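Sequences listed follow chains A and B, in order. In this text, residue positions in the first sequence follow the UniProt record's numbering: the first is 1, and each later residue adds one. In this text, residue positions in the second sequence follow the UniProt record's numbering: the first is 1, and each later residue adds one. Below: one structure, written as structure tokens.
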Amino acid sequence: MKTFKTLFIVESKLEIRRVNSIFFGVFFPLGMILLMGVIFGKKPAFEGASYTALQQTFGALSTIGICATGLMGLPLAVADYRDKKVLKRFKVTPVSPSMLLFTQVLISFIIAVISTISVFIVASVLFGYRFTGSVAGFLISYLLITLVIYGMGMFLASISPNLKTASLLCSIAYFPMLFLSGATVPYEIMPRTMQQVVNILPLTQGIKMLKNYSLGLPVTGLWFQVAYLGILALICIVVSVKVFKWE
Amino acid sequence: MENAFVVKGLRKTYGDLVALDNLNLEVRKGEVFGLLGHNGAGKSTAIECILGTKIPDSGTVEVLKMDPIKDRKELFQKVGVQFQQTHYQDKIRVHEICEMTHSLYKNPADWKELLEIFNLDKENMKKQVSDLSGGERQKLSVVLALIPNPELVFLDELTTGLDPKARREVWNYLKNLKSQGLTIFLTSHYMDEVQTLCDRICILRKGKVVAMDTVSSVIETSNHSNLEDAYLWYTGEEDLGA
Chain A
1 MKTFKTLFIV
11 ESKLEIRRVN
21 SIFFGVFFPL
31 GMILLMGVIF
41 GKKPAFEGAS
51 YTALQQTFGA
61 LSTIGICATG
71 LMGLPLAVAD
81 YRDKKVLKRF
91 KVTPVSPSML
101 LFTQVLISFI
111 IAVISTISVF
121 IVASVLFGYR
131 FTGSVAGFLI
141 SYLLITLVIY
151 GMGMFLASIS
161 PNLKTASLLC
171 SIAYFPMLFL
181 SGATVPYEIM
191 PRTMQQVVNI
201 LPLTQGIKML
211 KNYSLGLPVT
221 GLWFQVAYLG
231 ILALICIVVS
241 VKVFKWE
Chain B
1 MENAFVVKGL
11 RKTYGDLVAL
21 DNLNLEVRKG
31 EVFGLLGHNG
41 AGKSTAIECI
51 LGTKIPDSGT
61 VEVLKMDPIK
71 DRKELFQKVG
81 VQFQQTHYQD
91 KIRVHEICEM
101 THSLYKNPAD
111 WKELLEIFNL
121 DKENMKKQVS
131 DLSGGERQKL
141 SVVLALIPNP
151 ELVFLDELTT
161 GLDPKARREV
171 WNYLKNLKSQ
181 GLTIFLTSHY
191 MDEVQTLCDR
201 ICILRKGKVV
211 AMDTVSSVIE
221 TSNHSNLEDA
231 YLWYTGEEDL
241 GA
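What follows is the structure, encoded as structure tokens:
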């Protein structure tokens, strides 16, 4: 316990000093919600809609923290620690290097949660946002999205031989996911054909779940979404564990 | 005399390259043992096979009567390791890496005292590890290997990059620990260091043992007058019998 506490404190300080996760995971979505709030104000999502455009956006923006930590922060830190042989050094101590990995996952997740809570607070205080849906449904969807995105991140870190490859693969996964899944650019404004294409992104499906749960709308295609994300997460995690090398 | 570790018939290949060929070692408790050889002779491979971070193709290793892979949690409470060219987490400070290392062990040494002994305390403690000079970083890696309060310590090129004064400081401290019963296994390219510290040495050439004895016997057998000449003679390209 003493070990975990020390690892957690030191690694948290390092994560803050490295800036990236905090900037892209917390400040960026905060900027987005400010922007959306100013643009949309209290406008309804569409004519005659029972909810506002901002309410519709909340579910999407709440995933940016998961993406920034899961597809950039976490896999890059892991690949870096492997390149620098920090993980290997742990192998000649009484503590398993997997404890260091677990610490990283936990810190990343905490940053993601802070991101979502900050977006929620800003939206509520400044723009009168109201969460009208199912909190439990929202939280479960949130966890499922985290599982699949972190799984993908760890998968990319595992198959990369070094930090350079990892950072290339992570960028290839991160940017399309960020811009095409509806996390930043609203899914609703995309042309129909484009919507059909971006539907294959796991985050698009995840955001649909979050939106429906946060708006209290009937959730359609839920089992497909849960199965798709669940199976993808499982594949990523199993492959990561099999392929991952400590050095 | 009890053994600190025993290595039997260790062999490790990388593709066609035989990095280690039938290495047999018995290092006694309280002894300072030096492993010598050119770069690429197999020194680091030997250390890694002994520590279990590399799996040998064949052979057995027993460290403090334990299996370095199966019993690693128990074994590494008592074993300190300094790898060659250690890197650390980006942006980590000296006191943070020490606190982190300290937290991994049951009966760790006082790291502040260790930093003081190696002149790394005061303003250095708050510095980022990447802002230390090469010599200071090298001393830090030795400090980290000593934080477990080990019975046995592995030091791979322990004083590379240190100035003469710092080298003396490290030597004196290690000698002091030796007198308290610490077993030291080191590699080095500096023959004065080897002569000052080591009781026995083993010279590797292309993965094979070409000499293993006390420093004075190794010099004697080579028909040379000092260790450096003897070392070059053993590791030279000419046939050993000639």
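C-beta atoms are modelled at their ideal positions from N, C-alpha and C, and glycine is treated no differently. Computed from a predicted structure; not experimentally measured.
Using a C-beta to C-beta distance shorter than 9 Å, which residues of chain C count as neighbours of B/Phe76? The displayed structure is made up of protein chains A and B, and chain C is not among them.
For B/Leu232, is the classification buried or exposed, using 16 other Cβ atoms within 10 angstroms of its Cβ as the cut-off for buried? exposed
Could you give the distance in angstroms between the alpha-carbon of B/Ser141 and the alpha-carbon of B/Asn223? 37 Å
Could you check whether the segment 146-162 of chain B touches the segment 181-190 of chain B, counting it as contact only if at least three pairs of C-beta atoms, one from each stretch, sit closer than 8 Å? yes
Using a beta-carbon distance below 8 Å, is A/Tyr187 in contact with chain B? no
Beta-bridge pairing of A/Pro44 - partner residues as DSSP gives them: A/Thr52
Please determine, among A/Val239, A/Ile207, A/Cys236 and A/Ala233, the residue with the shortest C-alpha to C-alpha distance to A/Leu222. A/Ile207
Other residues of its chain near A/Lys85: CB distance less than 8 Å, five sequence neighbours each side excluded: Once the five neighbours on either side are set aside, the close Cβ partners of A/Lys85 are Glu247.
According to DSSP, simplified to helix, strand and coil, what is B/Lys88? Inspection of the sequence shows that residue 88 of chain B is occupied by Tyr rather than by Lys. The answer is coil: DSSP assigns B/Tyr88 none of H, G, I, E or B.
Buried or exposed: A/Leu87, going by 16 or more other Cβ atoms within 10 Å of its Cβ? Result: buried.
To be precise: take each residue of the segment 51-67 of chain B, compare its Cβ to all Cβ atoms of chain A, and keep it if any distance is under 7 Å. Which residues remain? Leu51 and Thr53
Whose CA, out of B/Val32, B/Phe5 and B/Gly15, lies closest to the CA of B/Ser179? B/Val32
Does any CB atom of chain A fall closer than 8 Å to the CB of B/His87? Yes, B/His87 counts as interfacial toward chain A.
Proximal residues of chain B, C-beta to C-beta of A/Val86 below 8 Å: His87, Tyr88 and Gln89
List, in chain order, every chain A residue whose beta-carbon is nearer than 8 Å to that of B/Met100. Thr6, Leu7 and Val10
Selected residue, minimal CA-CA separation from B/Val6, among B/Asn39, B/Thr13 and B/Gly59: Here the closest residue by C-alpha is B/Gly59.
Tell me the rounded alpha-carbon separation between A/Leu106 and A/Ile145. 15 Å
Looking at the structure shown, is B/Gln138 part of a helix, part of a strand, or coil, going by DSSP? helix
Exposed or buried, A/Gln196, counting other C-beta atoms within 10 Å across all chains shown (16 or more means buried)? exposed
Same chain, Cβ closer than 7 Å to B/Gly241, neighbours up to 5 away in sequence not counted: Confidence at B/Gly241 is low in this model, with a pLDDT of 48, below 50, so its placement is unreliable and the value that follows should be read with caution. If we look at B/Gly241 and ignore the five residues flanking it on each side, it has no Cβ neighbours.
How is B/Asn3 classed by DSSP in three states: helix, strand or coil? Three-state result, B/Asn3: strand.
Taking the runs of the beta strand (DSSP E) that are 3 residues or longer, which of them lie wholly in the segment 96-183 of chain A? Annotation: the segment 96-183 of chain A contains no complete segment of the beta strand (DSSP E) (minimum length 3 residues).
If I'm right that A/Gly133 touches A/Gly216 with Cβ under 8 Å, what's the distance once you round it to whole angstroms? Contact flag correct, Cβ pair sits at about 4 Å.
Considering only DSSP beta bridges, list what B/Gln82 is partnered with. B/Leu155
Among A/Ala227, A/Leu156 and A/Cys67, which has the Cα closest to the Cα of A/Phe109? Taking only the C-alpha atoms, the option nearest A/Phe109 is A/Cys67.
List, in order along the chain, the chain A residues whose C-beta lies closer than 8 Å to that of B/Ser103? Contact annotation for B/Ser103 against chain A: Lys2, Thr3, Lys5, Thr6 and Leu7 [CB-CB distance below 8 Å, chain order].
Tell me the DSSP secondary structure of B/Glu74 in three-state form. helix
First and last residue of the beta strand (DSSP E) that includes B/Arg93? Unbroken run through B/Arg93: none, as it is neither H nor E.
Rounded to whole angstroms, what is the Cα-Cα separation between A/Gly37 and A/Leu54? Rounded to whole angstroms, A/Gly37 to A/Leu54 spans 6 Å at the Cα level.
Buried or exposed (CB count within 10 angstroms, at least 16 for buried), A/Val10: Counting every other CB atom within 10 Å of its CB across the protein chains shown gives A/Val10 a total of 16 or more, marking it as buried.
Measuring only between beta-carbons, confirm whether B/Phe185 sits less than 8 Å from chain A. Residue-level contact by beta carbon fails for B/Phe185 and chain A, as no gap is shorter than 8 Å.
Alpha carbon to alpha carbon, how far is A/Gly31 from A/Ser141? 24 Å
Using a 10 Å radius around the Cβ and a threshold of 16 neighbouring Cβ atoms, would you call B/Asp163 buried or exposed? When all chains shown are included, B/Asp163 counts as exposed.
Taking 8 Å as the CB-CB limit, is B/Glu157 close to chain A? no
Rounded to the nearest angstrom, how far is the Cβ of residue 253 of chain A from that of A/Ser167, given a contact under 8 Å? Residue numbering for chain A in the displayed model covers 1 to 247; residue 253 of chain A lies beyond these limits and cannot be assessed.
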